[in-house]
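**Q**
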Amino acid sequence: MSVPSLDSKELSLDQIRKDHPRMWVAMVVTKRDDNGQPIAGKFVAEDPDRYRLRDQIVQYIDICIFFAGDPPYPLFL
Amino acid sequence: MRIHFDRVPAAFVRLRGRNGCVREYQALVSPATEYCIVPKVDAYRLGYPEAARGDPITQPVNLFRGVTFDGFWEGSLISMKEVAIGSVSTPNVDFIAYDIPQISGFDVILGKSFLAPSRLVIDYDVKAVRIGHEGGTK
Chain A
3 MSVPSLDSKE LSLDQIRKDH PRMWVAMVVT KRDDNGQPIA GKFVAEDPDR
53 YRLRDQIVQY IDICIFFAGD PPYPLFL
Chain B
20 MRIHFDRVPA AFVRLRGRNG CVREYQALVS PATEYCIVPK VDAYRLGYPE
70 AARGDPITQP VNLFRGVTFD GFWEGSLISM KEVAIGSVST PNVDFIAYDI
120 PQISGFDVIL GKSFLAPSRL VIDYDVKAVR IGHEGGTK
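Structure (structure tokens):
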């Protein structure tokens, strides 16, 4: 578990995915593409459990959350 | 608007709740799902505390029951103040506060309640979602 902070440097989305494989990640978006999709941001927190991640980002009013990597199983919903 | 995906149709979507709080997720784009879905914990954070109620005796008035191939489930029906993908935004979108398994790798599903008024095309040849709202604001 990491300590939430905005002191981290700006990283590309691909780099964040690479640095935190198969983790739920929270980041503050700093750059977007023409479609408004995030392409870079400041890493805030990570956790293998998405509910514990929420505990770390309570104070953030505007934050982006995603799973870094593919789920280990085929997706049937 | 064309958004490329790797494995399954997905896009980053911004949800603004009724308390002004914003959460952005990588959401599964699923035209076969009737309603949009958001985790209960985030519904609470976005200003919908009624979505996280766990009263076993009194049923909330916004209780919603649904069925999937996997069986029955229930969640709370809420109206998200604003949903936006890039510059395309739509006000007052129906969401169900429900926790889909986190093993799926998705927190949020964009279903028909958001996608129906859009001209959505999922192009598997080029692995891209094309979306453009007719009724939304740009």
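These protein sequence lines are chains A and B, in that order. To convert, count from 1 in the first sequence and add 2; that's this note's numbering. To convert, count from 1 in the second sequence and add 19; that's this note's numbering. From the three backbone atoms N, C-alpha and C, an ideal C-beta is built for every residue, glycine too.
(1) Between which two residues does the alpha helix (DSSP H) carrying Q58 of chain A extend?
(2) Give the range of the alpha helix (DSSP H) segment to which Q17 of chain A is assigned.
(3) Are the C-beta of E101 of chain B and some C-beta of chain A separated by less than 7 Å?
(4) Run through DSSP, which three-state label would R64 of chain B get?
(5) Show which residues of chain A have a CB atom less than 9 Å away from the CB atom of S106 of chain B.
(6) At a CB distance below 7 Å, what residues from the stretch 38 to 59 of chain A approach chain B? Give them in sequence order.
(7) Tell me the residue span of the beta strand (DSSP E) that contains K44 of chain A.
(8) Do you know whose CA, among B:E43, B:R26 and B:V107, lies nearest V33 of chain B's CA?
(9) Is any beta-carbon of chain A found at less than 7 Å from that of E43 of chain B?
(10) Is P58 of chain B closer than 7 Å to L134 of chain B when the C-beta atoms are compared?
(11) Taking C-beta pairs closer than 7 Å, name the residues in chain A that R26 of chain B reaches, listed in chain order.
(12) Against I63 of chain A, what residues of chain B qualify as contacts under a CB-to-CB distance less than 7 Å, listed in chain order?
(13) When burial is assigned at 16 or more other CB atoms within 10 Å of the CB, is L47 of chain B buried or exposed?
(14) Quick check on DSSP: helix, strand or coil for Q121 of chain B?
(15) Determine the closest residue to C55 of chain B out of B:G105, B:K146 and B:E101, with distance taken between C-alpha atoms.
**A** Let me spell this out:
(1) Per DSSP, Q58 of chain A belongs to the alpha helix (DSSP H) from R52 to Q58.
(2) Segment L15 to D21, the alpha helix (DSSP H) holding Q17 of chain A.
(3) It does not: the Cβ of E101 of chain B has no partner Cβ on chain A nearer than 7 Å.
(4) Reduced to three states, the DSSP call for R64 of chain B is helix.
(5) Neighbours of S106 of chain B in chain A, taken as residues at a C-beta separation under 9 Å, are given in chain order as N37 and G38.
(6) Within the stretch 38 to 59 of chain A, the residues whose Cβ lies closer than 7 Å to some Cβ of chain B are G38, Q39, P40, R52, Y53 and R56, listed in chain order.
(7) The continuous beta strand (DSSP E) containing K44 of chain A extends over residues P40 to D49.
(8) The sequence given here has Arg at residue 33 of chain B, not Val. Of the candidates B:E43, B:R26 and B:V107, the one whose C-alpha sits nearest the C-alpha of R33 of chain B is B:E43.
(9) With its beta carbon less than 7 Å from one in chain A, E43 of chain B belongs to the interface.
(10) Between L134 of chain B and P58 of chain B, the CB-CB gap reaches or exceeds 7 Å.
(11) Those are D72, listed as they occur along chain A.
(12) Think of a sphere of 7 Å around the beta carbon of I63 of chain A: the chain B residues whose beta carbon falls inside it are C40 and V41, in chain order.
(13) By the neighbour-count criterion, in which a residue is buried when 16 or more other Cβ atoms sit within 10 angstroms of its Cβ, L47 of chain B is buried.
(14) Residue state, collapsed to three classes: helix.
(15) Nearest in C-alpha terms to C55 of chain B, of all of B:G105, B:K146 and B:E101, is B:E101.
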